[in-house]
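Structure record follows, encoded as structure tokens.
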């Protein structure tokens with residue numbers, strides 16, 4: 015049976031319509047601030063939507079069925095098409111005139127990586143900065159999930175798209191109908207974004223900065239409107255604590271947030287991943303705080319300096335950077351690579367942890383680490399008791415061998431692509447530290463890296479080939495390897 019190409023093209027058109035609609039929002043913001051880019055962004059929106067309408071019109075007689083193969087193709091190429099069309103506001107406005115740089119910035123946005131090539135962010139038009147933040151927000155919960163949430167025209171194929179794109183080893187369904195699940199997730203996502211915007215505004219940010227940073231926080235993206243990122247507000251600790259709270263929420267499973275809002279608190283307390291996610295953050299923060307306090311210089315807040323002295327600053331900066339790296343948000347309040355060599359290696363290791371499954375965070379994910387560790391420990395028992403059947407258990411339920419094998423395969427492939435990614439960047443001229451940092455950060459959708467790609471620098475120094483390669487790693491990491499890699503295999507394209 016061949017591919018249903020008409021439904022693939024039809025959904026691409028739908029995604030382009032969504033993208034163009036979001037561009038119109040950015041154009042409206044541009045018009046409000048009179049930044050001179052309104053016409054350019056509007057033109058980009060019209061061109062994008064025109065292509066979307068054409069694609070949907072010529073495939074209007076499609077069969078409304080998306081099978082597994084179509085699901086993988088739609089998700090992978092959907093992200094590519096969105097990233098290509100998303101470059102238009104940058105190119106038309108001249109904010110980023112080079113195609114390579116514009117594509118890098120766009121795919122970094124949609125994959126919520128937050129790696130930037132902009133040397134002077136604060137000189138950019140407000141409409142462009144808002145569009146940049148919107149790419150984060152769209153990509154955070156998922157482009158396809160958004161499409162399913164607002165236009166349930168995919169029929170029974172919705173689950174194939176949701177399964178192909180949903181972050182983490184398993185997608186939790188809140189409702190038997192996948193469209194209702196997607197809507198609930200997006201409602202929580204939208205609600206958190208509004209809540210953080212209000213709190214940041216009350217804490218002292220301008221409304222524009224508050225909106226942009228909320229879009230970047232809930233998507234665990236990391237694009238900021240300031241060259242110094244959140245370090246710009248080092249004298250306003252409340253802003254940074256609010257950001258920490260929402261980074262933590264964005265890095266946890268959104269299904270747990272739904273349970274919290276519906277009064278099912280016990281479901282949260284009994285969740286193993288959330289428990290260890292919290293424990294890991296606490297332990298890593300304690301380690302970082304102690305090292306920072308005794309061995310590193312951190313900016314001390316001018317806000318009540320007698321009360322909030324070095325101890326508070328050490329705690330805040332250490333906590334902020336631990337949460338930002340683990341959740342792969344990538345905001346920075348200081349250059350953690352300049353603290354101590356130990357902390358440089360420490361934060362590099364945290365790039366591989368990731369947030370919770372079902373969150374907007376990147377990385378390997380806490381659940382996978384837990385299951386790999388549990389399976390490794392049980393191997394000792396299996397070695398002693400060769401005839402015993404000792405299953406891996408998670409949340410008091412037996413985990414099937416298929417899932418365990420899938421997670422082990424994921425981990426092996428992840429580390430393999432990290433090594434290959436580092437080798438390619440090294441071949442392109444990066445030094446060892448920059449190459450391994452850039453590879454780990456791109457694959458984990460973290461943002462700031464090491465060496466020449468450190469938190470106070472950017473990715474503009476990468477050669478063009480390096481930018482395209484990092485863009486591929488970002489997409490690979492955001493779609494959790496298999497979704498992208500499976501379409502690169504010869505047997506995927508064989509007729510069945």
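Numbering (my numbering), first residue to last: 15 to 510.
The beta-carbon is built from N, C-alpha and C at its ideal position, and this holds for glycine as well.
Just so we're clear, the structure is a prediction, and the values are computed from it rather than from any experiment.
Select from 506, 134, 127 the residue whose C-alpha is nearest the C-alpha of residue 147.
Mapped onto the chain shown, residue 147 falls at position 133. Closest option to residue 147, judged by alpha-carbon separation, among 506, 134, 127: 127.
According to DSSP, is residue 62 helix, strand or coil?
In the chain shown, the residue the question calls residue 62 occupies position 48. If DSSP states are grouped into helix, strand and coil, residue 62 belongs with the helices.
DSSP three-state call for residue 408: helix, strand or coil?
Within the chain shown, numbered from 1, the residue matching residue 408 stands at position 394. Here residue 408 sits in strand by DSSP.
Close Cβ partners of residue 432 (< 7 Å) along its chain, the five nearest in sequence each way excluded
For this step, residue 432 is matched to residue 418 along the chain shown. Taken in chain order, the residues that qualify are 453, 454, 457.
Note the first and the last residue of the continuous alpha helix (DSSP H) segment covering residue 244.
Residue numbering aside, residue 244 sits at position 230 when the chain shown is read from its first letter. Unbroken run through residue 244: none, as it is neither H nor E.
Reduced DSSP category for residue 413 - H, G, I as helix; E, B as strand; rest coil
As a working note, residue 413 is residue 399 in the chain shown. In the structure shown, residue 413 sits in a strand (DSSP, three-state: E or B).
Hey, quick one: how far does the alpha helix (DSSP H) through residue 225 stretch, first residue to last?
The residue labelled residue 225 in the question sits at position 211 within the chain shown. Start and end: 221-232.
Going by Cα to Cα distance, which pick from 27, 197, 435, 108 is closest to residue 155?
Position 141 of the chain shown holds residue 155. Residue 197 is the option with its Cα nearest to residue 155.
Within 8 Å, strictly: CB atoms of residue 430 and residue 480
Looking up residue 430 in the chain shown gives position 416. Looking up residue 480 in the chain shown gives position 466. No, Cβ-Cβ distance for residue 430 and residue 480 is not below 8 Å.
Ignoring anything shorter than 4 residues, give me the alpha helix (DSSP H) runs that lie fully in the region 385-467, in order along the chain.
Whole alpha helix (DSSP H) segments, 4+ residues: 415-441, 446-457.
Once DSSP output is grouped into helix, strand and coil, what is the label at residue 308?
Numbered from 1 along the chain shown, position 294 holds the residue referred to as residue 308. In the structure shown, residue 308 adopts helical secondary structure according to DSSP, grouped into three states.
Under the three-state DSSP convention, the category residue 68 falls into:
Counted from its first residue, the chain shown places residue 68 at position 54. Of the three classes helix, strand and coil, the one that applies to residue 68 here is helix, per DSSP.
Would you be able to state if there are at least three C-beta pairs under 8 Å between the region 354-368 and the region 387-403?
Contact fails between the region 387-403 and the region 354-368, because fewer than three Cβ pairs, one in each stretch, are under 8 Å apart.
Taking the beta carbon of residue 68 as the centre, do at least 16 other beta carbons fall within 10 Å, making it buried, or is it exposed?
If you number the chain shown from 1, residue 68 lands on position 54. Result: exposed.
At a cut-off of 7 Å, is residue 256 close to the ligand HEM when judged by its beta-carbon and the heavy atoms of the ligand?
You won't find the ligand HEM in this model; it holds no ligand whatsoever.
Nearest-angstrom Cα distance between residue 269 and residue 359?
The residue you call residue 269 lines up with position 255 of the chain shown. The residue you call residue 359 lines up with position 345 of the chain shown. Going by the C-alpha atoms only, they are around 33 Å apart.
Helix, strand or coil for residue 285? Go by DSSP, reduced to three states.
Reading the chain shown from its first residue, position 271 is the one you call residue 285. Coil.
Pull up the distance between the alpha-carbon of residue 44 and that of residue 125, whole angstroms please.
Within the chain shown, residue 44 is the residue found at index 30, counting from 1. Within the chain shown, residue 125 is the residue found at index 111, counting from 1. Approximately 24 Å between the Cα atoms of the pair.
Could you check if residue 19 is buried or exposed, using at least 16 other CB atoms within 10 Å of its CB as the buried criterion?
Position 5 of the chain shown, counted from the start, is the residue given in the question as residue 19. The residue is exposed, with fewer than 16 neighbouring Cβ atoms inside 10 Å.
Considering only residues of the same chain and omitting the five flanking positions on each side of residue 63, which have a CB-CB separation below 6 Å?
For the purposes of this step, residue 63 is taken as residue 49 along the chain shown, with counting starting at 1. The residues are 31, 34.
Cα-Cα separation between residue 222 and residue 339, rounded to whole angstroms
For the purposes of this step, residue 222 is identified with residue 208 of the chain shown, where counting begins at 1. For the purposes of this step, residue 339 is identified with residue 325 of the chain shown, where counting begins at 1. In this model, residue 222 and residue 339 are separated by some 25 Å (Cα to Cα).
Coil, strand or helix - residue 117 by DSSP:
Sequence index remark: in the chain shown, residue 117 carries index 103 (1-based). Collapsing the DSSP output to three states places residue 117 in a helix.
DSSP on residue 238, reduced to helix/strand/coil?
Along the chain shown, one-based indexing puts residue 238 at 224. When secondary structure is reduced to three states using DSSP, residue 238 falls in the coil class, being assigned neither helix nor strand.
8 Å Cβ cutoff met for residue 414 and residue 267
Counted from its first residue, the chain shown places residue 414 at position 400. Counted from its first residue, the chain shown places residue 267 at position 253. Cβ atoms of residue 414 and residue 267: not closer than 8 Å.
Proximity to residue 70 [Cα-Cα], best of 255, 25, 256, 104:
Reading the chain shown from its first residue, position 56 is the one you call residue 70. When only C-alpha atoms are compared, the closest one is 25.
On the three-state DSSP scale, how would you describe residue 130?
As a first step, residue 130 must be located in the chain shown, where it is residue number 116. Per DSSP, reduced to three states, the secondary structure at residue 130 is coil, with no helix or strand assignment.
So, at 6 Å on beta carbons, what are the nonlocal neighbours of residue 438 in its own chain, with the 5 sequence-adjacent residues on each side left out?
Reading the chain shown from its first residue, position 424 is the one you call residue 438. Closer than 6 Å at the Cβ level, and outside the excluded window around residue 438, lie 483.
Give the straight-line distance between the Cα atoms of residue 285 and residue 235, rounded to the nearest whole angstrom.
Residue numbering aside, residue 285 sits at position 271 when the chain shown is read from its first letter. Residue numbering aside, residue 235 sits at position 221 when the chain shown is read from its first letter. Those two C-alpha atoms are separated by around 25 Å.
Taking the straight line between their C-alpha atoms, what separation do you get for residue 40 and residue 412?
Locating residue 40 in the chain shown gives position 26, where the first residue counts as 1. Locating residue 412 in the chain shown gives position 398, where the first residue counts as 1. The alpha-carbon of residue 40 is positioned some 48 Å away from that of residue 412.
Is DSSP giving residue 254 helix, strand or coil here?
To locate residue 254, count along the chain shown from 1; it is residue 240. In this structure, residue 254 counts as helix in the three-state DSSP scheme.
Which residues bound the alpha helix (DSSP H) around residue 33?
Translated into the one-based positions of the chain shown, residue 33 becomes position 19. Where residue 33 is concerned, the enclosing alpha helix (DSSP H) starts and stops at 19-47.
Excluding five sequence neighbours on each side, which residues of the same chain lie with their C-beta closer than 7 Å to the C-beta of residue 366?
Here residue 366 refers to the residue found at position 352 of the chain shown. Hits under 7 Å: 377, 378, 454, 458.
Residue span of the alpha helix (DSSP H) that contains residue 99, given as start and end
For the purposes of this step, residue 99 is taken as the residue at position 85 of the chain shown. In the DSSP assignment, residue 99 falls within the unbroken alpha helix (DSSP H) covering 82-99.
Segment contact, 8 Å Cβ cut-off, at least three pairs: the region 279-296 with the region 229-247
Inter-segment contact for the region 279-296 and the region 229-247 is absent: fewer than three beta-carbon pairs are separated by less than 8 Å.
Taking C-beta to C-beta, are residue 214 and residue 228 nearer than 8 Å?
As a working mapping, residue 214 is identified with position 200 in the chain shown. As a working mapping, residue 228 is identified with position 214 in the chain shown. Closer than 8 Å, so yes.
Buried or exposed (CB count within 10 angstroms, at least 16 for buried), residue 387
One-based indexing of the chain shown puts residue 387 at position 373. Under this definition residue 387 is an exposed residue.
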